[in-house]
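>
Numbering (the numbering used here), first residue to last: 673 to 954.
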């Protein structure tokens, strides 16, 4: 999946939006030290009817490894465009490949035994009608065929398990986007479930603000709103956005509600820029 050429240079600014804090604009108020990317639950108002936040990618995925191991290869450099399902890095997998080969060989052997037992059972079943084989021999042949089938099915399950373990050695992107960065190098160790990379989709931007309860009735989904982008003290263009989400209720603990604004990326709207949402009618 391709991305417009004007989007790729935006990658350098994306790291500024890693924590999309809806912070007050006043210089004498500091935002809380939040470890997560979710903005603090207090009004982010700057002036009456305006709310400050940060433009960020609408989709920002932190990739974790499903297995522990050593980074064997990083398939794409940071900043590259990737597709959904594309492998970004692979861990050492010699042991898992050997396990898969062993499981497949076992499956071939049990399949041959299953086929032989099934053929023998069919032969005995036909001849049983002529009283050539006893009921006991018939039941023994039937049990042998069923046991052989069971062993074959177990072998197939072992193959699928070996394939899954091998697949876990690859860290793949779940979305089409830009491989923003990784904190690992080839040869370094990775723990299971450790976060090792980030992939973002900058084709859509998002702005999240916390609004005071008195503005609750002003916002609705699909509503067009004005947003001022704070590129610099002199350059603050006004752009348009669309409300994509409004909390259905006000948080009673903070007296606020969340509003998410969807913004199309452009030369004026770049991930990482601070921006101010202007409330309708303000």
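By construction, the Cβ of each residue, glycine as well, lies at the ideal position given by its N, Cα and C atoms.
In this text, all values refer to a predicted model and were calculated from it rather than measured experimentally.
1) Going by DSSP, what residues sit across from residue 902 in a beta bridge?
2) Are at least three pairs of beta-carbons, each pair with one atom in the segment 808-819 and one in the segment 861-875, less than 8 Å apart?
3) Let me make sure I understand the geometry here. Which of 875, 829 and 952 has the alpha-carbon closest to that of residue 915?
4) If you check the beta carbons only, do residue 862 and residue 856 fall under 8 Å apart?
5) Which residue marks the beginning of the alpha helix (DSSP H) containing residue 778, and which one marks its end?
6) In whole angstroms, give me the CA-to-CA distance for residue 784 and residue 769.
7) Which residues does DSSP list as the beta-bridge partners of residue 854?
8) Can you check which of these residues, 844, 831 and 828, is closest to residue 762 by C-alpha distance?
9) Please classify residue 941: does DSSP put it in a helix, a strand, or coil?
10) Mapping the DSSP letters down to three states, classify residue 728 as helix, strand or coil.
11) What separation, rounded to the nearest whole angstrom, lies between the Cα atoms of residue 744 and residue 831?
12) Give every residue of the same chain whose Cβ lies closer than 7 Å to the Cβ of residue 841, excluding the five residues on either side of it in the sequence, and list them in chain order.
13) Please go through the same chain and pick out, in chain order, the residues whose beta-carbon is closer than 7 Å to the beta-carbon of residue 896, but skip the five residues on each side of it.
14) CA-CA distance, residue 932 and residue 880?
15) Could you give the C-beta distance for residue 922 and residue 723, rounded to a whole number, given that I count them as a contact under 8 Å?
16) Would residue 884 and residue 928 qualify as a contact pair, given that the criterion is a beta-carbon distance under 8 Å?
17) Going by DSSP, what residues sit across from residue 932 in a beta bridge?
18) Quick one, which of 731, 828 and 859 has its alpha-carbon nearest residue 776's?
Inspection of the coordinates gives the following:
1) Mapped onto the chain shown, residue 902 falls at position 230. Paired residue(s): 946.
2) They do not touch, by the three-pair rule.
3) By one-based count along the chain shown, residue 915 stands at place 243. Nearest neighbour of residue 915 by Cα position, chosen from 875, 829 and 952, turns out to be 952.
4) To locate residue 862, count along the chain shown from 1; it is residue 190. To locate residue 856, count along the chain shown from 1; it is residue 184. The answer is yes: Cβ separation under 8 Å.
5) As a position in the chain shown, residue 778 is number 106, starting the count at 1. Unbroken alpha helix (DSSP H) run through residue 778: 766-800.
6) Residue 784 sits at position 112 when you count from the first residue of the chain shown. Residue 769 sits at position 97 when you count from the first residue of the chain shown. Distance between the alpha carbons of residue 784 and residue 769 is about 23 Å.
7) Counted from its first residue, the chain shown places residue 854 at position 182. Paired residue(s): 869.
8) For the purposes of this step, residue 762 is taken as residue 90 along the chain shown, with counting starting at 1. For the set 844, 831 and 828, the Cα lying nearest the Cα of residue 762 is the one of 844.
9) The residue you call residue 941 lines up with position 269 of the chain shown. The answer is coil: DSSP assigns residue 941 none of H, G, I, E or B.
10) For the purposes of this step, residue 728 is identified with residue 56 of the chain shown, where counting begins at 1. Three-state result, residue 728: strand.
11) Taking the first residue of the chain shown as position 1, residue 744 is located at position 72. Taking the first residue of the chain shown as position 1, residue 831 is located at position 159. When only Cα atoms are considered, residue 744 and residue 831 end up about 23 Å apart.
12) In the chain shown, residue 841 corresponds to position 169, counting from 1. Here the set comprises 739, 741, 762, 763, 765 and 768.
13) Position 224 of the chain shown holds residue 896. These residues qualify, in order along the chain: 912 and 914.
14) Within the chain shown, the letter at position 260 stands for residue 932. Within the chain shown, the letter at position 208 stands for residue 880. The straight-line gap from Cα to Cα measures roughly 5 Å.
15) The residue given as residue 922 occupies position 250 in the chain shown. The residue given as residue 723 occupies position 51 in the chain shown. Between residue 723 and residue 922 the Cβ distance is about 15 Å, and since that is not below 8 Å, they are no contact.
16) Taking the first residue of the chain shown as 1, we reach residue 884 at position 212. Taking the first residue of the chain shown as 1, we reach residue 928 at position 256. Yes, the Cβ-Cβ distance between residue 884 and residue 928 is below 8 Å.
17) On the chain shown, residue 932 is found 260 positions in, with the first residue counted as 1. Residue 932 pairs with 880 and 917.
18) As a working note, residue 776 is residue 104 in the chain shown. Of 731, 828 and 859, the residue nearest in Cα terms is 828.
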